[in-house]
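Student: If you read the sequence shown in the UniProt record's numbering, its first letter stands for residue 1, the second for the next number, and so on. Ideal Cβ placement from N, Cα and C applies to all residues, glycine included. Let me begin by handing over the structure; questions about it come next.
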Amino acid sequence: MQFYIKQIQVNQILHLNEFTISLGDSPKHLLITGQNGSGKTQLIKAIAEHLQLVCNDKSANRLNIENTILSWKSAINDTTPEHQKRQYQQAIKNLEDEKKLYFGKVVIEFNDPIAMTDAYGNNDFILAYYETFRNPKFEEVHSIEKPDLTRPNDLSHNKVGQFLKFLADNKVQAALARNEGNYQDAENINNWFNSFQDVLRNLFGDSKLELDFDYTDYSFYINSFGKKFKFTQLSAGYAAALDIVADMILRMQKPGSLVRAYDKPGIVLIDEPETHLHLALQRQIMPILTKLFPNVQFIVATHSPFILSSLPNAIAYDLEHSEELTDLTEYSYGALAES
């Protein structure tokens, strides 16, 4: 991972206050756990809000707020004219409000915040936040058009509705490339579809799964274990998992080229990824995501002991007991479920 969170200092989020989660100097994923009402969702939402503010702060004003406040305060003395005092005091209040906006809930330490902000501005770094109640919206394609791959301003804005357009457009591009004799371009696109088919095989646990395209109506079908279905006909569990995978694949793309190696760095937050997933997929989902997106740091809030024990390179923090655990793969299902 090129950019990652090293430490999260929680200041005040409802009943959560004054504690620190340290992830160390080497990149690690974070699993936030605890019973209902312990504050998992509130914490992960506060982290998302802070990330959004930091990465949109192109001039890094947040890093100078404290020094500017001290400078304004030192400028006020007994000889300062009253009208100027009021101006200074208003400026200080504005900065205090801005400071509270940035740091009132959480303060996050990154390994390289300036370079990370620059990378985000150049679309070389991704941020995403997948909330608990996700509603996957794969949309059927009725005519060929370019997908909208512009980055959403909101971290939680999902572009999975563009995914089938993205697939259909690339099928058409491959056909056009072959017709024009650009066989290498066509082969590159074909290789991408083969690699995406492998992703589906891994996700569905079916080494013989096939992804088929019907050129007469631009429909894609998944053939698995003797059944044939569209992306819009997925069960709730597979739809929830593919919702994250497909959206992240779109976020990894670059204008004018089809990206197969999803190696763009990023920080991705997922609230309760186990929602709708059967037990086997709960065990698999995070290893699948971390393998597919190797330079992304995942911050996950979860109840699931299967997810908690699925990542070796992760730290878990139990909000209920204010306890940090480092190697959950050594814990049994019973011990994790009890905690």
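What does a CB cutoff of less than 7 Å around residue 288 pick up in its chain, not counting 5 residues either side in sequence?
Tutor: Taken in chain order, the residues that qualify are 202 and 203.
Student: In terms of residues, what are the limits of the beta strand (DSSP E) holding residue 50?
Tutor: Run containing residue 50: none in the beta strand (DSSP E); it sits in the alpha helix (DSSP H), 40–56.
Student: From residue 117 to residue 224, what distance separates their C-alpha atoms?
Tutor: Distance between the alpha carbons of residue 117 and residue 224 is about 42 Å.
Student: Pull up the distance between the alpha-carbon of residue 5 and that of residue 88, whole angstroms please.
Tutor: Roughly 35 Å between the two C-alpha positions.
Student: Could you check if residue 77 is buried or exposed, using at least 16 other CB atoms within 10 Å of its CB as the buried criterion?
Tutor: Classification for residue 77: exposed.
Student: Between which two residues does the alpha helix (DSSP H) containing residue 313 stretch?
Tutor: Premise fails: residue 313 is in no alpha helix (DSSP H) and is neither H nor E.
Student: What are the start and end residues of each continuous beta strand (DSSP E) run of 3 or more residues lying completely inside the region 5–36, in chain order?
Tutor: The qualifying runs are 5–13, 16–22 and 29–33.
Student: Among 269, 325 and 311, which has the Cα closest to the Cα of residue 52?
Tutor: Of the candidates 269, 325 and 311, the one whose C-alpha sits nearest the C-alpha of residue 52 is 269.
Student: Under DSSP, the alpha helix (DSSP H) around residue 118 begins and ends at which residues?
Tutor: Taken as a continuous stretch (DSSP letters only), the alpha helix (DSSP H) holding residue 118 covers 113–121.
Student: Identify, in the order they occur along the chain, each residue of the same chain with its Cβ nearer than 7 Å to the Cβ of residue 27, setting aside the five sequence neighbours on each side.
Tutor: Excluding positions up to five away in sequence, the list reads 1, 4 and 297.
Student: Checking 8 Å against the spacing of the C-beta atoms, do residue 105 and residue 46 come in under that value?
Tutor: A contact, by the Cβ cut-off of 8 Å.
Student: Smallest Cα separation from residue 284: which of 242, 191, 97 and 94?
Tutor: Residue 284 has its Cα closest to that of 242, out of 242, 191, 97 and 94.
Student: Measure the alpha-carbon distance for residue 153 versus residue 259 and round it to whole angstroms.
Tutor: Going from the Cα of residue 153 to the Cα of residue 259 covers about 22 Å.
Student: Excluding sequence positions up to five away, which residues of its chain have a Cβ less than 6 Å from the Cβ of residue 335?
Tutor: Unreliable placement is indicated for residue 335, whose pLDDT of 49 sits below 50; no coordinate value is reported for it.
Student: Does the distance from the CB of residue 280 to the CB of residue 226 come in under 8 Å?
Tutor: Going by C-beta atoms, residue 280 is not nearer than 8 Å to residue 226.
Student: From residue 74 to residue 54, what distance separates their C-alpha atoms?
Tutor: Distance between the alpha carbons of residue 74 and residue 54 is about 27 Å.
Student: Can the beta-carbon of residue 319 be found closer than 8 Å to that of residue 44?
Tutor: No, the pair does not count as a contact, with Cβ atoms beyond the cut-off.
Student: How long is the line joining the alpha carbons of residue 312 and residue 181, rounded to whole angstroms?
Tutor: C-alpha separation (whole angstroms): 47 Å.
Student: Have a look at the DSSP bridge pairing and note the partners of residue 264.
Tutor: For residue 264, which the question treats as bridged, DSSP gives no partner whatsoever.
Student: For residue 109 and residue 189, what's the separation of their Cα atoms in angstroms?
Tutor: About 39 Å.
Student: Note down, one range per segment and in chain order, each alpha helix (DSSP H) of at least 4 residues found wholly within the region 170–253.
Tutor: Within the region 170–253, the complete alpha helix (DSSP H) runs of at least 4 residues are 183–204 and 236–252.
Student: Let me make sure I understand the geometry here. Which of 198, 140, 308 and 169 has the alpha-carbon closest to that of residue 149?
Tutor: Nearest C-alpha to residue 149: 169.
Student: Grab me the residues of residue 132's own chain with a C-beta within less than 7 Å of its C-beta, minus the 5 sequence neighbours each way, in chain order.
Tutor: Same-chain partners within the cutoff: 41, 271, 272 and 275.
Student: If residue 361 sits next to residue 16, beta carbons under 8 Å apart, how far is it from one beta carbon to the other, in whole angstroms?
Tutor: Summary: the structure shown does not reach residue 361, with the chain confined to residues 1 through 339, and so no result is reported for it.
Student: Check each candidate in 11, 138 and 7 and name the one with the smallest Cα separation from residue 240.
Tutor: For residue 240, the nearest C-alpha among the options comes from 138.
Student: Assign residue 179 to one of two classes, buried (16 or more other C-beta atoms within 10 Å of its C-beta) or exposed (fewer than that).
Tutor: Residue 179 is exposed by the Cβ-count criterion.
Student: For residue 163, which option in 183, 196 and 184 has the closest C-alpha, if you only look at C-alpha atoms?
Tutor: It is 196.
Student: May I ask you to report which of helix, strand or coil DSSP gives residue 97?
Tutor: Note: residue 97 maps to helix in three-state DSSP.
Student: State yes or no: is the C-beta of residue 220 within less than 8 Å of the C-beta of residue 231?
Tutor: Cβ atoms of residue 220 and residue 231: closer than 8 Å.
Student: Whose C-alpha, out of 94, 248 and 193, is nearest the C-alpha of residue 266?
Tutor: That would be 248, whose Cα lies nearest to the Cα of residue 266.
Student: In the DSSP output, what is residue 297 paired with across the bridge?
Tutor: Beta-bridge pairing links residue 297 to 267.
Student: Taking Cβ positions, are residue 147 and residue 166 nearer each other than 8 Å?
Tutor: Result yes, Cβ atoms of residue 147 and residue 166 sit closer than 8 Å.
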